[in-house]
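Data first, discussion second: the structure below is written as structure tokens.
There are 2 protein chains.
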Amino acid sequence: MRVPQAMKDLPLPKVYQLLEPGPVVLLTTALKGRANVMTMSWHMMVEFEPPLIACIVSNANWSFAALRATRQCVIAIPALAMAPKVVKIGNCSGRDVDKFKRFGLTPIPAETVAPPLVAECFANLECKVVDTHLVNRFNLFVLEVQKAWIDPAQKHPKTIHHHGYGKFAVDGAMITLKSSMP
Amino acid sequence: MRVPQAMKDLPLPKVYQLLEPGPVVLLTTALKGRANVMTMSWHMMVEFEPPLIACIVSNANWSFAALRATRQCVIAIPALAMAPKVVKIGNCSGRDVDKFKRFGLTPIPAETVAPPLVAECFANLECKVVDTHLVNRFNLFVLEVQKAWIDPAQKHPKTIHHHGYGKFAVDGAMITLKSSMP
């Protein structure tokens, strides 16, 4: 188990660098003191700073009610080693099971929201819902990142990208091309 | 130059498998008969079928006016070999230059929309805008894919994922884990 003190602040203007590549992430919520976690691939950056994120949380998901009611969540980014667990988290429901317990995830209290960070993830983003206009039509939430954490002990983590039905591309080579764009 | 006839129909329920992994894509638009293309990383799936996609097209981009006025675009997905070109496309504006000409891209007429497909890309998605509620606040468009094309000559294309400032992760190993989820 990683100690919470290992987490460091990530400056908010760097948050997009974590999500723009499109990794599979975990989303934690909390309702009436009970935390839950789901697997999520449908998310995108909306703004650099303050960092805004859009995501789809289906109303078929147990997390939907908590996110809509509390307007708070944490986006936690798992590295490759967690892939088998990430898939299992996505294949069961918080309706039936305490997923933190079942999958041995370590919840850490967040600073600005009620849902917990996930200690095993290399990055955690504390988020509040800032727009719900498209929730009824598309299950689309817009979030603002309040605080971001990074685990410096996980160096150069490789993330996973879902191609459907449990097939994932793992980050391979990193290339750098001359660009004037952030 | 690849001949247009090489493109095959991709069944619409498979579209999410192309975008869910978070690749950098190109977006084509057309205004008053003039086509333009931009580089885009802020997009996500919204629904499986009909395939809905959300994307951010900044109002600082030349493409914004065309997309808002015509409500049509094509999302074209480039493989790794196009990476240098993709970055250059993202580093200039259709305000100043005909990017199809400058970068030697081959426009192919789409079937259901006015903006062209990009022959060099391994997949092309013809899209119409179906929701503009969040355009003013967030530059967020919701698109519905009308028709999808795949180039079977490009087998197992590797895509690129932007980490900021021209740094990209290239698709590496593919792994498959047992999952009951699409």
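As you go down the protein sequences, you meet chains A and B in turn.
Quick note on numbering: the first sequence equals residues -3 to 178 in my numbering.
Quick note on numbering: the second sequence equals residues -3 to 178 in my numbering.
Glycine included, every Cβ here is placed at the ideal spot set by N, Cα and C.
Since we're looking at a predicted model, the values are computed, not measured.
Here the alpha carbons of B:Leu8 and B:Pro46 stand approximately 7 Å from one another. In terms of Cα proximity to B:Phe118, the closest of B:Asn55, B:Thr102 and B:Cys88 is B:Thr102.
Secondary structure at A:Pro103: strand, using DSSP grouped into helix, strand and coil.
Residues of chain B with a Cβ closer than 9 Å to the Cβ of A:Phe134 are, in chain order, Val42, Glu43, Leu48, Ala50, Asp127 and Val138. In this structure, A:Met40 places its C-beta atom within 7 Å of the C-beta atom of B:Met40.
Nearest Cα to A:Gln68 within the set A:Ile171, A:Val141, A:Pro178 and A:Met177: A:Val141. Cβ contact annotation for A:Thr25 (same chain, cutoff 6 Å, sequence separation greater than five): Asn32, Ser59, Ala62, Leu63, Cys69 and Pro111, in chain order.
The CB of A:Ser89 never comes closer than 9 Å to any CB in chain B; the least such distance is about 12 Å.
In this structure, the CA atom of B:Ile73 is about 6 Å from the CA atom of B:Leu22. Between A:Phe164 and A:Ile171, the C-beta spacing is not below 7 Å. With the criterion set as a beta carbon lying under 9 Å from some beta carbon of chain A, the members of the segment 149 to 168 of chain B are Lys154, Thr155, Ile156, His157, His158, His159, Gly160, Tyr161, Gly162, Lys163, Phe164, Ala165, Val166, Asp167 and Gly168, in sequence order. Listed in chain order, the beta strand (DSSP E) elements of length 3 or more contained wholly in the segment 50 to 125 of chain B are 68 to 73. Contact between the segment 49 to 58 of chain A and the segment 129 to 136 of chain A is present: three or more C-beta pairs spanning the two stretches fall below 8 Å. Shortest Cα-Cα distance from A:Tyr161 to any of A:Asp5, A:Ala77, A:Asp147 and A:Asn87 involves A:Asn87. Just measuring C-alpha positions, the residue of B:His158, B:Lys154, B:Gly100 and B:Leu139 sitting nearest B:Ala77 is B:Lys154. Sixteen is the threshold: when 16 or more other Cβ atoms of the shown chains lie within 10 Å of the Cβ of A:His158, as they do, the residue is buried.
The C-alpha of A:Val82 lies about 21 Å from the C-alpha of A:Tyr12. In the displayed model, A:Lys163 falls within a strand according to three-state DSSP.
At a cut-off of 7 Å between C-beta atoms, B:Ser54 does not count as an interface residue with respect to chain A. Nearest CB-CB separation between A:Ser59 and chain B: not below the 7 Å threshold. Separation of the CB atoms of B:Leu139 and B:Leu48 is rounded to 7 Å, and the pair is thereby assigned contact status at 8 Å.
Contact residues of the segment 76 to 100 of chain A toward chain B are Ala79, Pro80, Val83, Gly86 and Asn87 (C-beta to C-beta distance below 7 Å). Boundaries of the alpha helix (DSSP H) around A:Gln13: Tyr12 to Leu15.
The DSSP-derived three-state label of B:Leu8 is helix. Boundaries of the beta strand (DSSP E) harbouring B:Phe137: Leu136 to Ile146, taken from the DSSP string. A direct Cα-Cα distance of roughly 44 Å separates B:Val114 from A:Lys95. By the C-beta density criterion, B:Met34 is buried, having at least 16 other C-beta atoms within 10 angstroms. When the beta-carbon positions are compared, B:Gly18 and A:Pro178 stay at least 7 Å from each other. Sequence-distant Cβ neighbours of A:Ala106 in its own chain, meaning closer than 8 Å and more than five residues away, are Val70, Pro112, Leu113, Asn120, Glu122 and Lys143. The beta carbon of A:Val166 sits closer than 7 Å to the beta carbons of Leu76, Lys154 and Ile156 from its chain, once the five residues preceding and following it are set aside; these are given in chain order.
Straight through space, the alpha carbons of B:Leu27 and A:Asp127 are spaced by roughly 31 Å. The shortest CA-to-CA distance from B:Phe44 to any of B:Lys97, B:Glu116, B:Lys174 and B:Lys10 is the one to B:Lys10.
Neighbours of B:Pro17 in chain A, taken as residues whose beta carbon is under 7 Å from its own, are Gly18, His157, His158, His159 and Ala165 in chain order. At least 7 Å separates the CB of B:Pro74 from every CB of chain A.
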